[in-house]
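**Q**
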Amino acid sequence: IDSRGSLTGNASAQLRSLGGPFARARPDFQYHAELDRKFPQRIFGGFSWKFHPRWRLALQADWVDWSNAFEVLPVKLTRGTNADINRLVGSNGLQEYTPLRWRDQVVYRAGMEFALTEACFLRGGYAYGRSPAPEETLTPLGAAIPEQTLTAGAGYRWRCYELDFAYQLDLPKTRQVGRSSLRDGEYSESTLRVAGHWLGLTISVHY
């Protein structure tokens with residue numbers, strides 16, 4: 001994912017803490033920002049077993065290579081508009097590397113399907129995977145990755161058409177940060193609580 005945009009802010013607190021010529025610099029800034037991010041590799045496998053004419057069981061396990069994809073978050077800043085800051089740092093650009101240090105993740109999934117009729121189906125599922133984001137580099141983005149998920153859905157098939165509706169609940173999760181290793185201890189001594197709800201509707205045509 002190649003992201004391009006602008007970053008604006010105010011560095012008055014940081015400049016005052018540095019003192020000297022920094023304390024007299026103009027604090028507001030704007031940069032052109034670039035962020036190149038790749039999704040991790042994923043390997044998964046499972047099986048589906050129709051153990052009864054109306055019942056089907058599905059099991060799956062995923063391995064996600066977060067440790068290589070989310071070791072750091074590099075942000076490239078260019079075209080800085082603040083002449084004071086540009087002069088103090090000797091450039092109109094900055095390269096920021098935010099540590100992430102995510103761990104690899106294994107996600108376990110199980111689901112059941114019940115056939116009400118030959119055309120109507122009810123489904124339910126559960127998934128669990130320990131969060132890959134460690135507490136010492138936790139941000140709201142990392143906390144938003146669910147650890148436990150419940151799903152329910154229904155499907156209808158008619159000739160070559162299929163209509164599926166699904167609801168997903170990411171169970172509420174609370175994570176606490178002691179001493180953050182992010183610069184200046186950002187998010188230290190903080191608590192993050194996240195839950196998620198998802199609705200999906202899929203229409204398929206089989207040829």
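So for the sequence shown, the working numbering puts the first residue at 1; every next one is plus one.
Ideal placement from N, C-alpha and C gives every residue a C-beta, glycine not left out.
According to DSSP, N10 sits in a beta bridge with which residue or residues?
**A** Bridge partners of N10: D28.
**Q** Return the residue from the list Y207, K38, L15 that minimises the CA-CA distance to S67.
**A** If we check each option's Cα against that of S67, K38 comes out closest.
**Q** Is the beta carbon of V107 less than 7 Å from the beta carbon of A144?
**A** Going by C-beta atoms, V107 is not nearer than 7 Å to A144.
**Q** Suppose you measure from the CA of D104 to the CA of P134; what does that come to, to the nearest Å?
**A** Spanning the two alpha carbons is a distance of roughly 11 Å.
**Q** Quick one: residues in its chain with C-beta nearer than 6 Å to the C-beta of E96, no 5 flanking neighbours on either side, listed in chain order?
**A** Closer than 6 Å at the Cβ level, and outside the excluded window around E96, lie V75.
**Q** Identify, in the order they occur along the chain, each residue of the same chain with its Cβ nearer than 8 Å to the Cβ of R123, setting aside the five sequence neighbours on each side.
**A** G111, M112, E113, F114, T151, A152, G153, A154, G155, A166, listed in sequence order.
**Q** Since A69 is in the alpha helix (DSSP H), which residue starts that stretch and which ends it?
**A** Taken as a continuous stretch (DSSP letters only), the alpha helix (DSSP H) holding A69 covers 66-69.
**Q** Pick from K50, L169, Y207, T8: whose alpha carbon is nearest that of G125?
**A** Ranking K50, L169, Y207, T8 by Cα distance to G125 puts L169 first.
**Q** Is it buried or exposed, T174, if we count other Cβ atoms within 10 angstroms and call 16 or more buried?
**A** That one is exposed.
**Q** For V89, which of W55, L77, W49 has the nearest alpha-carbon?
**A** Out of W55, L77, W49, L77 has the C-alpha closest to the C-alpha of V89.
**Q** If you reduce the DSSP assignment to three classes, tell me which class G142 lands in.
**A** It is helical.
**Q** What first and last residue would you give for the alpha helix (DSSP H) that runs through D245?
**A** Nothing about residue 245 can be read from this structure; the chain reaches only from 1 to 207.
**Q** Flag this pair as yes or no: are the beta carbons of A11 and P27 separated by less than 7 Å?
**A** Contact flag set, yes.
**Q** What first and last residue would you give for the beta strand (DSSP E) that runs through I1?
**A** Per DSSP, I1 belongs to no beta strand (DSSP E) and is neither H nor E.
**Q** Whose C-beta lies closer than 6 Å to the C-beta of T8 among residues of the same chain, with five residues either side of it excluded?
**A** Here the set comprises Q30.
**Q** Name the one or two DSSP bridge partners that V107 has.
**A** According to DSSP, which records beta bridges pairwise, V107 is partnered with D62, G129.
**Q** Let me know the secondary structure DSSP gives E34 once reduced to three states.
**A** The answer is strand: DSSP assigns E34 an E or B state.
**Q** In the DSSP output, what is S190 paired with across the bridge?
**A** S190 pairs with V177.
**Q** Which whole-angstrom value is the C-beta distance of S6 and H32, which I expect to be below 8 Å?
**A** The Cβ separation is near 6 Å, so the contact holds.
**Q** Is the separation between the beta-carbon of Q41 and that of D62 shorter than 7 Å?
**A** Taking 7 Å as the Cβ cut-off, Q41 and D62 do not qualify as a contacting pair.
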